[in-house]
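Protein chains in written order, with the numbering used here: chain A, 21 to 388; chain B, 8 to 313; chain C, 16 to 282.
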Amino acid sequence: MPEPAAVQGKRIAIEARGIVKQFGQGPSALRALDNVSVSIRENEFFTLLGPSGCGKTTLLRMIAGFEYPTEGAILLHGEDIAGLPPFKRPINTVFQSYALFPHLSVWENVAFGLQMLGRPSAEIGPRVAEMLKLVHMEELAQRRTDQISGGQAQRVALARALAPAPKVLLLDEPLSALDYKLRKEMQIELKRMQSETGITFVFVTHDQEEALTMSDRIAVMSKGKVLQIGSPWDIYDKPAERFVADFIGETNFLTAEMVGIGGGTARVRLRSGIEIPATIAEGYTPGREATIVVRPEHARAVKTGGQLAGKVENVVYFGTDTHIYIVLDEGGPFMVRQQNSRSQSCGFEVGDRVGIDIAADAAQVLRD
Amino acid sequence: MASAADVARQEEGRKIRSRWLLSAPALVIVFIAAIGPLLVMLAYSFMTKGDYGDVKPAFSLDGWFSVLFQRDMFDDTLSLADAHLSIVWRSVRLSVITTFATLVLGFPTAYFIATRPRNTREVWVFLVTIPFWTNLLIRTFAMQQVIRNEGILNSLLIWLGIIREPLQIMYTDWAILFGMVYVYLPLMVLPLYASLEKLDFRLIEAGYDLYAGRLAVLRRIILPLVKPGIVAGSILVFIPSLGAYVIPRVLGGGKNLMLGNLIELQFGSGRNWPLGAALSITLMVLVMVAMLFYVRNAARSGGGHG
Amino acid sequence: MARARFDVRSQPGFGTIALFTFVVLYLPIITLVAYAFNASESLTAWGGFSLHWFGEAARNTAVQDAAWRSLVIALSAASVATVAATMAAIATTRTAPYRGLGFKYAFINLPLMVPEIVTAVALLIVFARVKVWTGYSGLGYLILAHTAFCIPFAYLPIRARLEGMDEALERAAADLYAPPWQVFRRVTLPLLRPGIIAGFMLAFVISLDDVVISEFVKSGGQDTLPTYMLGQMRREITPEVNAIAAAFLALSVVLVTIFFFINRKKT
Numbered sequence: 021m022p023e024p025a026a027v028q029g030k031r032i033a034i035e036a037r038g039i040v041k042q043f044g045q046g047p048s049a050l051r052a053l054d055n056v057s058v059s060i061r062e063n064e065f066f067t068l069l070g071p072s073g074c075g076k077t078t079l080l081r082m083i084a085g086f087e088y089p090t091e092g093a094i095l096l097h098g099e100d101i102a103g104l105p106p107f108k109r110p111i112n113t114v115f116q117s118y119a120l121f122p123h124l125s126v127w128e129n130v131a132f133g134l135q136m137l138g139r140p141s142a143e144i145g146p147r148v149a150e151m152l153k154l155v156h157m158e159e160l161a162q163r164r165t166d167q168i169s170g171g172q173a174q175r176v177a178l179a180r181a182l183a184p185a186p187k188v189l190l191l192d193e194p195l196s197a198l199d200y201k202l203r204k205e206m207q208i209e210l211k212r213m214q215s216e217t218g219i220t221f222v223f224v225t226h227d228q229e230e231a232l233t234m235s236d237r238i239a240v241m242s243k244g245k246v247l248q249i250g251s252p253w254d255i256y257d258k259p260a261e262r263f264v265a266d267f268i269g270e271t272n273f274l275t276a277e278m279v280g281i282g283g284g285t286a287r288v289r290l291r292s293g294i295e296i297p298a299t300i301a302e303g304y305t306p307g308r309e310a311t312i313v314v315r316p317e318h319a320r321a322v323k324t325g326g327q328l329a330g331k332v333e334n335v336v337y338f339g340t341d342t343h344i345y346i347v348l349d350e351g352g353p354f355m356v357r358q359q360n361s362r363s364q365s366c367g368f369e370v371g372d373r374v375g376i377d378i379a380a381d382a383a384q385v386l387r388d
Numbered sequence: 008m009a010s011a012a013d014v015a016r017q018e019e020g021r022k023i024r025s026r027w028l029l030s031a032p033a034l035v036i037v038f039i040a041a042i043g044p045l046l047v048m049l050a051y052s053f054m055t056k057g058d059y060g061d062v063k064p065a066f067s068l069d070g071w072f073s074v075l076f077q078r079d080m081f082d083d084t085l086s087l088a089d090a091h092l093s094i095v096w097r098s099v100r101l102s103v104i105t106t107f108a109t110l111v112l113g114f115p116t117a118y119f120i121a122t123r124p125r126n127t128r129e130v131w132v133f134l135v136t137i138p139f140w141t142n143l144l145i146r147t148f149a150m151q152q153v154i155r156n157e158g159i160l161n162s163l164l165i166w167l168g169i170i171r172e173p174l175q176i177m178y179t180d181w182a183i184l185f186g187m188v189y190v191y192l193p194l195m196v197l198p199l200y201a202s203l204e205k206l207d208f209r210l211i212e213a214g215y216d217l218y219a220g221r222l223a224v225l226r227r228i229i230l231p232l233v234k235p236g237i238v239a240g241s242i243l244v245f246i247p248s249l250g251a252y253v254i255p256r257v258l259g260g261g262k263n264l265m266l267g268n269l270i271e272l273q274f275g276s277g278r279n280w281p282l283g284a285a286l287s288i289t290l291m292v293l294v295m296v297a298m299l300f301y302v303r304n305a306a307r308s309g310g311g312h313g
Numbered sequence: 016m017a018r019a020r021f022d023v024r025s026q027p028g029f030g031t032i033a034l035f036t037f038v039v040l041y042l043p044i045i046t047l048v049a050y051a052f053n054a055s056e057s058l059t060a061w062g063g064f065s066l067h068w069f070g071e072a073a074r075n076t077a078v079q080d081a082a083w084r085s086l087v088i089a090l091s092a093a094s095v096a097t098v099a100a101t102m103a104a105i106a107t108t109r110t111a112p113y114r115g116l117g118f119k120y121a122f123i124n125l126p127l128m129v130p131e132i133v134t135a136v137a138l139l140i141v142f143a144r145v146k147v148w149t150g151y152s153g154l155g156y157l158i159l160a161h162t163a164f165c166i167p168f169a170y171l172p173i174r175a176r177l178e179g180m181d182e183a184l185e186r187a188a189a190d191l192y193a194p195p196w197q198v199f200r201r202v203t204l205p206l207l208r209p210g211i212i213a214g215f216m217l218a219f220v221i222s223l224d225d226v227v228i229s230e231f232v233k234s235g236g237q238d239t240l241p242t243y244m245l246g247q248m249r250r251e252i253t254p255e256v257n258a259i260a261a262a263f264l265a266l267s268v269v270l271v272t273i274f275f276f277i278n279r280k281k282t
């Protein structure tokens, strides 16, 4: 799979190499991170995505220097920074609850890092002004941080972390406290700031939609392991494992028989007896049986024909599209998402016989 | 790779060292001027009494022995130390009555405050807090002026025609009791208020909805829910009552001693330091037992409510 | 029937008892203060309003000395106790439980659980001996003893404040290049200030109020204001004691009020 051109051939900014983090000793020990290796390129918007407790925040805290790995190394531009305390790492963090200093003004918050670095005040003033302009907070510079809204606090936290011009910016679920509309706005803002500043962003979230819209590349984590790293498109359309496919978006799982492999694609025979082509996940070990996934929007419900057949169990109208829940003749559910048109309904009712037409390039064979 | 693990270990070691260094001054001061002396006193209780106070460094159980018994001066026979026992009994009895009386007054008061509108509640609490932080001696002295023979209580009763001669309250157990109830009342009201304030009044509505009368609601819903507050308040009143020294000294005169005064006596005119030390430890043990009762109770009710 | 509306919250008689409680709480204090303004020589009869006894108390050198001594002891003890308690609180909060944590906690709070009279006589027997050994019999003993029992009182609000403080703030400071000392000076300390002030004031009031321990630890001629008053109460009482008590009371009320408002601003 070719990388998007924007990140191809870039130098590595952060590398986590064989990271193990163990809490406790002996049989009761908990492995928060289990041999995790990630390379994050310069100027990249990189996202660590996973459910809570998957180890993504622990990894982020390790890069920031708040947590030490039990084994493994963290490299910044090829240099091991394991021994550096957080205040000596040219890496800044936007914290989940922003952690703005309540006893300081907006301006003082943004200036804090520069002051600690011992920059002359002739330099600090313009830099703080520049940062506040970047986040559209110039007018509230003298406000106390408990007198600003959540969205404004978010901007200040961002300006504060960007002011010292870090090599890498870490963002720990920074949008989770905002309401839906504000979150959408901030996603675009963040993306803009990343491209304007050219700083490497490492973003942690459990929201798959957020990850897909913002990231250059995503690492999907579960139970202390990295399952798949790739572009949003990779992750969504070519999931390597069941967990990845399930966690990101809605999907259909089908059991199929492997008929033949060659040139990165395979032919599989569905339970209905019909053969279809499928792409293969990296690291797939050939076997007789295979699990394949088909996204609901890559299949159509048809009155006659199709590769699969079944009975309509439920039809749910969503405005932009309609979800048709089907029970397959060979057993198991299948869901089809169909774009709505203005003039007519989807044409199916509960209890109808239905055929499923899977698009030619829609099926992907999972590695597990 | 050992380097990351090494860093983690060094960091852990540094944290432990700094934690002990930081707590050292407090620990040392508390040891020198509280815990150390208590240990010395424990040792003294097992020594022989000196002729003019102090102790001789020889092991003896006489101090502990005389907590309960006395040896006749002439024929060396043993008998129970009635004087000591009656003082211990007075201490316990007065403390229990004080606790009960403060509860009877304190619970309705705390309930009253907790049911005020939110903005006036703070004012009521403040009114309880002021006496709480007023010097104990001053409050004792104030009580003395109320219950003296010429004090306002007697004046009022005479004026009302209830009595003709002033009641002798000062220098009786009643005086000590009035003093302790007055002084320790805020200690009952404040924890009771703290738990009543958290009471969800929708539960009371639910009680009435399910046909409970006022008394049933109080007994079956409110009291069980604020039990932790009741226990906390009772302990907070009982413990200082048991160890009271200033109140019986000022209001009880020289005759109506409590444990605290008995202890002082041994280090003063009694010149029996081992006995004084043994009595002190006895008092401490009584207090610790009460504390233990409280801690166990708190743990139980804490667990019960999840 | 509109008048007999059912109030879920009310319980019969509780209001009356509450009112009685407040009368009980304030009547003695008001009596005491009222007699401080009595012109008469005795405490029995009202001789008209006068500030005579306040003047009398203020001119009394024994009272002046005792007041000054109380102030010196309370300021020194509260200061030392607050510093020690702040350090201890930092070492005992916001950490995963570690070996020795429970021990430290029990140790620091022990003075709260021991009856004052017991601590007092224990200090008496130890300090009596130390005084003989060293020949020193100054205010140091009183200050040391007061510091020890002030530490748990100073510790409580500081600890509470620390526990309510978001650790992410200190992490944010470290992330923004502040070395540990700067993190403490620029973030922890400013945020802790209300707790430290509350702790200091608590310790100060507790020290100022102490009678029992002072009475047993003091050497001859080292009366504090409370022990001076205790001594006076054994003699023929004049309204002078009322005047001292009233002034003392006023100070307490002022301190409590300040304390109350500091605490309220926080929440």
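Every residue, glycine too, gets a C-beta built ideally from N, C-alpha and C.
**Own chain partners of G85 of chain A with C-beta closer than 7 Å, once the 5 adjacent residues on each side are dropped** = Mapped onto the first sequence, residue 85 of chain A falls at position 65. So the list reads L104, P105, P106 and R109, once near-sequence residues are dropped.
**Prompt:** If the cut is a Cβ gap below 8 Å, which residues of chain A does V14 of chain B touch?
**Reply:** Working through the second sequence from its first residue, we reach residue 14 of chain B at position 7. Simply Y88, A102 and G103.
**Prompt:** Between the beta-carbon of G62 of chain C and the beta-carbon of A54 of chain C, is there less than 7 Å?
**Reply:** Here residue 62 of chain C refers to the residue found at position 47 of the third sequence. Here residue 54 of chain C refers to the residue found at position 39 of the third sequence. Cβ atoms of G62 of chain C and A54 of chain C: closer than 7 Å.
**Request:** Determine the extent of the beta strand (DSSP E) in which N112 of chain A is found, giving its start and end residues.
**Result:** Here residue 112 of chain A refers to the residue found at position 92 when the first sequence is read from its first residue. From DSSP, the beta strand (DSSP E) with N112 of chain A extends over I111 to V114.
**Message:** Can you pull out the residues from the stretch 92-109 of chain B whose beta carbon lies closer than 8 Å to at least one beta carbon of chain C?
**Reply:** none
**Request:** Kindly indicate if chain C contains any beta-carbon less than 7 Å away from that of M213 of chain A.
**Result:** Counting from one through the first sequence, the residue named residue 213 of chain A turns up at place 193. No - not a single Cβ of chain C is within 7 Å of the one on M213 of chain A.
**Item:** Residues of its chain near L143 of chain B, where Cβ-Cβ distance is below 7 Å and the 5 sequence neighbours each way are ignored
**Value:** Along the second sequence, read from residue 1 onward, the residue named residue 143 of chain B stands at position 136. The residues are V190 and V253.
**Message:** Spatial neighbours of R51 of chain A within its chain, please: C-beta separation below 6 Å, excluding the five flanking residues on both sides.
**Reply:** Translated into the one-based positions of the first sequence, residue 51 of chain A becomes position 31. Answer for R51 of chain A: Q42 and G244, listed in chain order.
**Prompt:** Shortest alpha-carbon distance to T20 of chain A belongs to which of A:L182, A:S251 and A:T225?
**Reply:** The structure shown does not extend to residue 20 of chain A, since chain A is modelled only from 21 through 388, so no value can be given for it.
**Item:** Reduced DSSP category for T285 of chain A - H, G, I as helix; E, B as strand; rest coil
**Value:** Here residue 285 of chain A refers to the residue found at position 265 of the first sequence. Strand at T285 of chain A.
**Proximity of A239 of chain A and V58 of chain A at Cβ, strictly below 7 Å** = What you label residue 239 of chain A is simply residue 219 of the first sequence in a count that begins at 1. What you label residue 58 of chain A is simply residue 38 of the first sequence in a count that begins at 1. Yes.
**Item:** Separation of D207 of chain B from K233 of chain C, as counted between CA atoms
**Value:** The residue labelled residue 233 of chain C in the question sits at position 218 within the third sequence. The residue labelled residue 207 of chain B in the question sits at position 200 within the second sequence. Each residue's Cα considered, the two are about 50 Å apart.
**Asked** Going by alpha carbons, who is nearest to I83 of chain A out of A:I39, A:G218, A:Q248 and A:S117?
**Response** Taking the first sequence and counting its residues from 1, one reaches residue 83 of chain A at position 63. Ranking A:I39, A:G218, A:Q248 and A:S117 by Cα distance to I83 of chain A puts A:I39 first.
**Request:** Would you please verify whether the beta carbon of G267 of chain B is less than 7 Å from any beta carbon of chain C?
**Result:** Translated into the one-based positions of the second sequence, residue 267 of chain B becomes position 260. Chain C contact via Cβ: present.
**Classification of D238 of chain C by the beta-carbon crowding that lies within 10 angstroms, buried from 16 upward** = Along the third sequence, one-based indexing puts residue 238 of chain C at 223. Burial call: buried.
**Prompt:** With DSSP run on the structure shown, which of helix, strand or coil describes A9 of chain B?
**Reply:** Taking the second sequence and counting its residues from 1, one reaches residue 9 of chain B at position 2. Low confidence applies here, because A9 of chain B scores a pLDDT of 48, under 50, leaving its location unreliable; read the following figure in that light. DSSP places A9 of chain B in coil when its eight states are reduced to three.
**Prompt:** So what does F65 of chain A bridge to, in DSSP terms?
**Reply:** The count along the first sequence starts at 1 and reaches residue 65 of chain A at position 45. For F65 of chain A, which the question treats as bridged, DSSP gives the partners A:F221.
**Message:** So, does the stretch 159-177 of chain B touch the stretch 225-242 of chain B, judging by three or more C-beta pairs under 8 Å?
**Reply:** no
**Request:** Can you grab the Cα-Cα spacing for the pair M21 of chain A / V332 of chain A, in whole Å?
**Result:** Residue mapping note: residue 21 of chain A aligns to position 1 of the first sequence, counting from 1. Residue mapping note: residue 332 of chain A aligns to position 312 of the first sequence, counting from 1. Bear in mind that a pLDDT of 41 at M21 of chain A, under 50, signals an unreliable position, so the number given afterwards is only what the model happens to contain. For M21 of chain A and V332 of chain A, the distance between alpha carbons rounds to 37 Å.
**Request:** With 7 Å as the threshold, decide whether the Cβ of N112 of chain A is near any Cβ in chain C.
**Result:** Start at 1 with the first residue of the first sequence, and residue 112 of chain A comes out as number 92. Closer than 7 Å to some Cβ of chain C, the Cβ of N112 of chain A qualifies, so yes.
**Asked** Any Cβ of chain C within less than 7 Å of the Cβ of H156 of chain A?
**Response** Working through the first sequence from its first residue, we reach residue 156 of chain A at position 136. Not one chain C Cβ lies under 7 Å of H156 of chain A.
**Prompt:** Nearest to L42 of chain C by alpha carbon, out of B:L134, B:E172 and B:G70?
**Reply:** For the purposes of this step, residue 42 of chain C is taken as the residue at position 27 of the third sequence. Closest option to L42 of chain C, Cα to Cα, is B:L134.
**Pair within 7 Å by beta-carbon distance, A163 of chain C and A33 of chain B** = Counting from one through the third sequence, the residue named residue 163 of chain C turns up at place 148. Counting from one through the second sequence, the residue named residue 33 of chain B turns up at place 26. For A163 of chain C and A33 of chain B, no; Cβs fall outside 7 Å.
**Request:** Identify which residue in A:A276, A:L274, A:P186 and A:D257 has its Cα closest to the Cα of A268 of chain A.
**Result:** Residue numbering aside, residue 268 of chain A sits at position 248 when the first sequence is read from its first letter. This sequence places Ile at residue 268 of chain A; Ala is not what is there. For I268 of chain A, the nearest C-alpha among the options comes from A:D257.
**Asked** Using the beta-carbon count (16 or more within 10 Å), is T289 of chain B buried or exposed?
**Response** Within the second sequence, residue 289 of chain B is the residue found at index 282, counting from 1. Counting Cβ neighbours within 10 Å, T289 of chain B comes out buried, since at least 16 surround it.
**Message:** Nearest by alpha-carbon distance to I212 of chain C: which of C:N257, C:G70, C:F168 and C:P254 is it?
**Reply:** The sequence position of residue 212 of chain C within the third sequence is 197, counting from 1. If we check each option's Cα against that of I212 of chain C, C:F168 comes out closest.
**Request:** Determine the extent of the beta strand (DSSP E) in which P105 of chain A is found, giving its start and end residues.
**Result:** Within the first sequence, numbered from 1, the residue matching residue 105 of chain A stands at position 85. Annotation: P105 of chain A is outside any beta strand (DSSP E) and is labelled neither H nor E by DSSP.
**Item:** Length of the line joining the Cα atoms of P316 of chain A and A231 of chain A
**Value:** The residue given as residue 316 of chain A occupies position 296 in the first sequence. The residue given as residue 231 of chain A occupies position 211 in the first sequence. Each residue's alpha carbon lies about 20 Å from the other.
**Item:** In chain order, each beta strand (DSSP E) run of at least 3 residues that lies wholly inside the stretch 207-280 of chain A
**Value:** 220-225, 237-242 and 245-250
**Message:** Is there a Cβ of chain D sitting closer than 7 Å to that of A161 of chain A, yes or no?
**Reply:** You won't find chain D in this structure, because its protein chains are A, B and C.
**Asked** Cβ of G46 of chain A less than 7 Å from any chain C Cβ?
**Response** Here residue 46 of chain A is taken as the residue at index 26 of the first sequence, counted from 1. For G46 of chain A, the answer is no, since every Cβ of chain C falls outside 7 Å of its Cβ.
**Request:** Along the alpha helix (DSSP H) that carries E178 of chain C, what are the first and last residues, could you check?
**Result:** By one-based count along the third sequence, residue 178 of chain C stands at place 163. Taken as a continuous stretch (DSSP letters only), the alpha helix (DSSP H) holding E178 of chain C covers G155 to E178.
**Asked** Any Cβ of chain C within less than 7 Å of the Cβ of M151 of chain A?
**Response** Here residue 151 of chain A is taken as the residue at index 131 of the first sequence, counted from 1. Taking Cβ atoms only, chain C never reaches closer than 7 Å to M151 of chain A, which makes this a no.
**Asked** Who are the Cβ neighbours of A408 of chain A in its own chain at under 6 Å, not counting the five residues just before and after it?
**Response** Residue 408 of chain A lies beyond the residue range present for chain A, which begins at 21 and ends at 388; the question has no answer from this structure.
**Prompt:** Would a C-beta distance cut-off of 7 Å place R176 of chain C and L207 of chain C closer than the cut-off?
**Reply:** In the third sequence, counting from the first residue as 1, residue 176 of chain C sits at position 161. In the third sequence, counting from the first residue as 1, residue 207 of chain C sits at position 192. Yes.
**Item:** Integer Cβ distance of V196 of chain B from T116 of chain B, believed to fall under 8 Å
**Value:** Taking the first residue of the second sequence as position 1, residue 196 of chain B is located at position 189. Taking the first residue of the second sequence as position 1, residue 116 of chain B is located at position 109. About 5 Å separates the beta carbons of V196 of chain B and T116 of chain B, which is inside the 8 Å limit, making them a contact pair.
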